[in-house]
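Beneath this line is the structure, given in structure tokens, with notes to follow.
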Amino acid sequence: MSSKDLVLIDKLQVQGITGRDYWKRPTIQPLEVSISLQTDFKASSVSDDLKHSLNYAVISRNVLEFFEKNRGTNFKSFINVANRVSEVVLDEKRGGGNESKVVISGKKTEIKAKEIQAIVSRVKSNGVIQRPSTTNDLIAIKSLTVPTIIGVFTFERLQKQYVSLDLDISISHSDVDVYRIIEDVALYVENSNFKTVEALVECVSHVVLQFEHILQVVTRVEKPNAITFANGVGVQVTRTPKDFEGVPKIDVKELAKPLDYENSFNLPTQSTVIDTDTESQHTAYIAFGSNVGNQLQNINEAIVALNSIEGTDVLATSSLYESEPMYFLDQPKFINGVLKISTTSSPHMLLKHLKSIEYETLGRTKLKDNGPRSIDLDILLYDDLVLNEPDLVIPHMRMIERTFVLQPLCELIPPEQIHPVTAEPYHNHLKQLYASKVDQTKQKSNELSVHVPLQNKYFTRPTPRQLTFDLLGQSHRTYLMGILNTTPDSFSDGGVNAELDIALENALQMVKSGVDIIDIGGVSTRPGSIAPSAEEEWERVVPIVKAIRSHPDEDLKNVIISIDTYRASVASDSIEAGADIINDISGGLYDEKMFDVIAETGVPYILSHTRGTPDTMSKLNQYTANDDPDLVEYTRCQSNYNHDEDILLKAVARELCVQYEKAIDRGVKRWQIITDPGIGFAKDLKQNLALIRGTPLIKSYSNYNESTKRYNSLDGLPILVGPSRKKFIGTLTNEKIPAERVLTTGAVIMSCIGYQSDIVRVHDVEEMKKVLLIGDALYRDIV
1 MSSKDLVLID KLQVQGITGR DYWKRPTIQP LEVSISLQTD FKASSVSDDL
51 KHSLNYAVIS RNVLEFFEKN RGTNFKSFIN VANRVSEVVL DEKRGGGNES
101 KVVISGKKTE IKAKEIQAIV SRVKSNGVIQ RPSTTNDLIA IKSLTVPTII
151 GVFTFERLQK QYVSLDLDIS ISHSDVDVYR IIEDVALYVE NSNFKTVEAL
201 VECVSHVVLQ FEHILQVVTR VEKPNAITFA NGVGVQVTRT PKDFEGVPKI
251 DVKELAKPLD YENSFNLPTQ STVIDTDTES QHTAYIAFGS NVGNQLQNIN
301 EAIVALNSIE GTDVLATSSL YESEPMYFLD QPKFINGVLK ISTTSSPHML
351 LKHLKSIEYE TLGRTKLKDN GPRSIDLDIL LYDDLVLNEP DLVIPHMRMI
401 ERTFVLQPLC ELIPPEQIHP VTAEPYHNHL KQLYASKVDQ TKQKSNELSV
451 HVPLQNKYFT RPTPRQLTFD LLGQSHRTYL MGILNTTPDS FSDGGVNAEL
501 DIALENALQM VKSGVDIIDI GGVSTRPGSI APSAEEEWER VVPIVKAIRS
551 HPDEDLKNVI ISIDTYRASV ASDSIEAGAD IINDISGGLY DEKMFDVIAE
601 TGVPYILSHT RGTPDTMSKL NQYTANDDPD LVEYTRCQSN YNHDEDILLK
651 AVARELCVQY EKAIDRGVKR WQIITDPGIG FAKDLKQNLA LIRGTPLIKS
701 YSNYNESTKR YNSLDGLPIL VGPSRKKFIG TLTNEKIPAE RVLTTGAVIM
751 SCIGYQSDIV RVHDVEEMKK VLLIGDALYR DIV
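So in the UniProt record's numbering, spot 482 of the sequence shown is number 482, and the numbers just go up one at a time.
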């Protein structure tokens, strides 16, 4: 790079393990990081626009996050730390540059030396980071203070005086033990007996150059007390191994006992791109919000209207989030989200379409700025466009101060995607928002709750219902799903509910015991079971749904009904009869029409993980790590899992994402989806336990395919876990009869609550309701 412009970061305070401390312990030490990045900010100087330069705030934050993430990592050496920091600051996806100089400084690592530094220069070319051919890596030891006998005068030789040494060591390899160098130099100097510093500095240089991988040393020796009215006097030499060719090696032996070492801002948005009409496809992200009338209906009508615009398609939706109103506080809460669309409309034409939907299609009446509204539609992003005009600013000016915008947006864009103005990833902005203090004059709280609406196109209720989750703070109560099997061959309760009257009686008892959802199943999926025909399954399920919906007991009549089926036809007819949720153990693998039914009816859909069929799944429990070089995986989960568990959890999440993508492509909305890791389906005992422990990882998993440019995220989706009475419990407890596994199922359910399950599916409702009351009190402070 020919430019001499530099972006500088001086002495950023971090903590890390550089190998060992003075006492040879791998202890975290305070470090300072100084960075210079070569760039050309002439354009930025002219336009006063940050995007033409490198954002030192972003780079600093990236470095701080790196050290926080690697807090327990032993980097082994200062040079290794400098190399890792160089990778961070040269990561263009995260706002880095192409040429850097990094200085890592430790002032507490070595007792004898005031400071140790590692200085490395790196350039990035064609994606490869390397050292420039004109420079070498440098280790600098500053103010190594050692007592020694030195001087030509008699009084100088009566007692030791301190000398201070500075060593600038050029190296060819990172495998240089700086602590050993300090130890040998200190030991040699302390036990030496020179008359002149000139002799001392020469021999110290020789000692240093006896170590491998050292190209050159600049040695400075100073006598701080030699002259009263001076800070010190001394000498400096530069030496290479060639200077000591033929000179006998200095034998630095243990002359003494060895020493033991060791937040929201205004964006400088400027118009830099001419806004023109085009017939090519563009990707835009639209924020929506509603707090008047039937909010879900308003949102769905807006989506229909968007899809009716020529050249425009809604590609994906976020989850639905309930938020406190902002700016004007005295109004109802909002339901917010984000849409990803493809459009041929120009930004201004798209804005015109959005205003038409707001005011003409949905009859929005604007009585007050930021006041109540049936629908609000805002353009957040349009490709990588930066636009600042009186009627339209892109990116949206206030998006980075709103959790109700950034949270749903980050479900649709990968973590590396950078804001074109701030040069910082959107995901970072979201983290900063949650970490910052809320200005309660603008908004009471920036906390959000996820809504899974219980809509049914065939079955309208006077008041909309939904499942509500706090997936960020886990402060919501755990939902209880009770199992009502109508099959004669289920592994635990086959034949119990074969008669309609008995099934209704048991359903009523569940309701009285506090169930939230009744899951009706007409097909056994136990290994070796024979699936009934679709007609037989229909006879087992649909009449019960109709009977519940017409039952005289109001609580039973209005209970949330889930249908455990993998057949689209049974799902469709059950929904028409009044079912609220479809629980598909195949995750759409067994019936390709299932996603069409879910998209058409709008009901929530439990997307479960499985492999093979009930006959083959037990043999399909071998899971492997991601081997697709184009697929980048992410998780926010900080828990430590062993190697096999990590492979399993990410494999299950990855396979869930495959079906998730298919569902989205068939028109299913993200807010309809609940995940299920599939306890007992193509998993062995240890894998089932790992899935329960690993629920936080699955709930925060996402991936991005660099080839297809598709981002799929399970982050923000509620999860159901169903371990009730299953074989792995009986194996652990030697309970061979499933019905006897009530107490032990309760123990597992308690763990599910602690590991962030949102819904648990159980046989024994009355007993498990009590477990949930205790578990929610313990883990979620719900009393």
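By construction, the Cβ of each residue, glycine as well, lies at the ideal position given by its N, Cα and C atoms.
Note that the structure is predicted; figures quoted are calculated from it, not measured.
Please report the Cβ distance between V338 and L412, rounded to the nearest whole angstrom; I am assuming they are in contact, meaning their Cβ atoms lie under 8 Å.
Taking the first residue of the sequence shown as 1, we reach residue 338 at position 338. Taking the first residue of the sequence shown as 1, we reach residue 412 at position 412. Going by Cβ atoms, the distance from V338 to L412 rounds to 6 Å, so yes, they are a contact pair.
With 16 other CB atoms within 10 Å as the buried threshold, where does R364 fall?
On the sequence shown, position 364 is the one that residue 364 refers to. Looking at its Cβ environment, which holds 16 or more other Cβ atoms inside 10 Å, R364 is buried.
Per DSSP, cross-strand counterpart(s) of D703:
Indexing the sequence shown from 1 puts residue 703 at position 703. Reading off the sequence, residue 703 comes out as Asn, not Asp. Paired residue(s): E633 and N712.
Could you tell me which of S205, T624 and T745 sits nearest to V252, measuring between CA atoms?
Translated into the one-based positions of the sequence shown, residue 252 becomes position 252. Answer by Cα proximity: S205.
Is the number of C-beta pairs between the segment 342-359 and the segment 302-312 that are closer than 8 Å three or more?
yes
Where do the N-terminal and C-terminal ends of the alpha helix (DSSP H) with K11 fall, by residue?
Locating residue 11 in the sequence shown gives position 11, counting from the first residue. From DSSP, K11 is part of no alpha helix (DSSP H) but of the beta strand (DSSP E) over D5 to G16.
Taking I79 and A118 to be in contact with their CB atoms under 8 Å, please state how far apart those CB atoms are, rounded to whole angstroms.
As a position in the sequence shown, residue 79 is number 79, starting the count at 1. As a position in the sequence shown, residue 118 is number 118, starting the count at 1. I79 to A118, Cβ: 5 Å. Contact.
Count the other CB atoms within 10 Å of the CB of N55; is the residue buried (16 or more) or exposed (fewer)?
Residue numbering aside, residue 55 sits at position 55 when the sequence shown is read from its first letter. N55 should be labelled buried.
Enumerate in chain order the residues of its own chain whose CB-to-CB distance from K370 is below 6 Å, with the five nearest sequence positions on each side excluded.
By one-based count along the sequence shown, residue 370 stands at place 370. The sequence shown places Asn at residue 370, not Lys. Excluding residues within five positions, the ones whose Cβ falls inside 6 Å are Y327 and F328.
Whose C-beta lies closer than 8 Å to the C-beta of P372 among residues of the same chain, with five residues either side of it excluded?
For the purposes of this step, residue 372 is taken as the residue at position 372 of the sequence shown. Cβ within range, chain order: N291, V292, Q331 and P332.
Return the chain-ordered ranges of every beta strand (DSSP E) run that is complete within the segment 48-119 and spans a minimum of 3 residues.
99-106
Segments of 3+ residues assigned as beta strand (DSSP E) that fall wholly inside the segment 597-665
605-608 and 631-635
At a Cβ threshold of 8 Å, is L480 touching chain C?
Going by chain labels, chain C is absent from the structure shown, which holds only one protein chain.
From D5 to A186, what distance separates their C-alpha atoms?
Taking the sequence shown and counting its residues from 1, the one referred to as residue 5 is at position 5. Taking the sequence shown and counting its residues from 1, the one referred to as residue 186 is at position 186. So the two alpha carbons sit approximately 40 Å from each other.
Looking at the unbroken alpha helix (DSSP H) that takes in N307, where does it start and where does it end?
In the sequence shown, counting from the first residue as 1, residue 307 sits at position 307. Unbroken alpha helix (DSSP H) run through N307: Q295 to N307.
Can you tell me whether E499 is buried or exposed, with buried defined as 16 or more other CB within 10 angstroms of its CB?
Sequence index remark: in the sequence shown, residue 499 carries index 499 (1-based). So E499 counts as exposed.
Taking the continuous beta strand (DSSP E) assigned at Y382, which residues delimit it?
Against the sequence shown, residue 382 aligns to sequence position 382. Residues D376 to Y382.
Tell me whether L8 is buried or exposed, calling it buried when 16 or more other Cβ atoms sit within 10 Å of its Cβ.
As a position in the sequence shown, residue 8 is number 8, starting the count at 1. Answer is exposed; the Cβ neighbour count stays below 16.
V668 to T744, Cα distance in whole Å?
The count along the sequence shown starts at 1 and reaches residue 668 at position 668. The count along the sequence shown starts at 1 and reaches residue 744 at position 744. Roughly 37 Å separates the two Cα atoms.
How is A140 classed by DSSP in three states: helix, strand or coil?
Position 140 of the sequence shown holds residue 140. In the structure shown, A140 sits in a strand (DSSP, three-state: E or B).
Proximity winner among I647, T317 and Q297, relative to A287 (alpha-carbon distances):
Counting from one through the sequence shown, the residue named residue 287 turns up at place 287. That would be T317, whose Cα lies nearest to the Cα of A287.
Per DSSP, what kind of secondary structure is K769 in: helix, strand or coil?
Along the sequence shown, one-based indexing puts residue 769 at 769. Correct three-state label for K769: helix.
With burial defined as no fewer than 16 other Cβ atoms inside 10 Å of the residue's Cβ, what is the status of L778: buried or exposed?
The residue given as residue 778 occupies position 778 in the sequence shown. Classification of L778: exposed, given that the 10 Å Cβ count is below 16.
Spatial distance of A435 from Q509 (CA atoms):
Position 435 of the sequence shown holds residue 435. Position 509 of the sequence shown holds residue 509. Taking the straight line from one Cα to the other gives about 45 Å.
Residues in its own chain within less than 6 Å of S14 by CB, not counting five upstream and five downstream?
The residue labelled residue 14 in the question sits at position 14 within the sequence shown. Reading the sequence as shown, one finds Val at residue 14 and not Ser. Hits under 6 Å: L31, V33 and F67.
Along the chain, where does the beta strand (DSSP E) that runs through V668 open and close?
Along the sequence shown, read from residue 1 onward, the residue named residue 668 stands at position 668. Per DSSP, V668 belongs to no beta strand (DSSP E) and is neither H nor E.
Are there 16 or more other CB atoms within 10 angstroms of the CB of E360, so buried, or fewer, so exposed?
For the purposes of this step, residue 360 is taken as the residue at position 360 of the sequence shown. E360 is exposed by the Cβ-count criterion.
Measure the Cβ-Cβ separation of K557 and I544 and say whether it is below 8 Å.
Position 557 of the sequence shown, counted from the start, is the residue given in the question as residue 557. Position 544 of the sequence shown, counted from the start, is the residue given in the question as residue 544. Result no, Cβ atoms of K557 and I544 do not sit closer than 8 Å.
Can you grab the Cα-Cα spacing for the pair L689 / E92, in whole Å?
The sequence position of residue 689 within the sequence shown is 689, counting from 1. The sequence position of residue 92 within the sequence shown is 92, counting from 1. Answer to the nearest angstrom: the Cα atoms are 40 Å apart.
Nearest-angstrom Cα separation, counted from S125 out to I139
The residue you call residue 139 lines up with position 139 of the sequence shown. The residue you call residue 125 lines up with position 125 of the sequence shown. Approximately 25 Å between the Cα atoms of the pair.
Which residues does DSSP pair with K124 in a beta bridge?
Counted from its first residue, the sequence shown places residue 124 at position 124. K124 is bridged to I129.
For G106 and I116, what's the separation of their Cα atoms in angstroms?
Looking up residue 106 in the sequence shown gives position 106. Looking up residue 116 in the sequence shown gives position 116. Cα to Cα, G106 sits roughly 5 Å from I116.
With C-beta atoms as the reference, is K223 less than 8 Å away from Q161?
Here the question's residue 223 lines up with position 223 in the sequence shown. Here the question's residue 161 lines up with position 161 in the sequence shown. Contact: yes.
Which runs of the beta strand (DSSP E) spanning at least 3 residues fall entirely within the segment 475-557, listed in chain order?
Counting only runs of 3 or more, we get 479-485 and 517-521.
Do the segment 658-676 and the segment 598-611 meet, that is, are 3 or more Cβ pairs less than 8 Å apart?
yes
Can you list, in chain order, the residues of its chain with a C-beta nearer than 7 Å to that of S211? Leave out the 5 residues immediately preceding and following it.
Indexing the sequence shown from 1 puts residue 211 at position 211. Checking the displayed sequence, the identity of residue 211 turns out to be Phe instead of Ser. Taken in chain order, the residues that qualify are V176 and I181.
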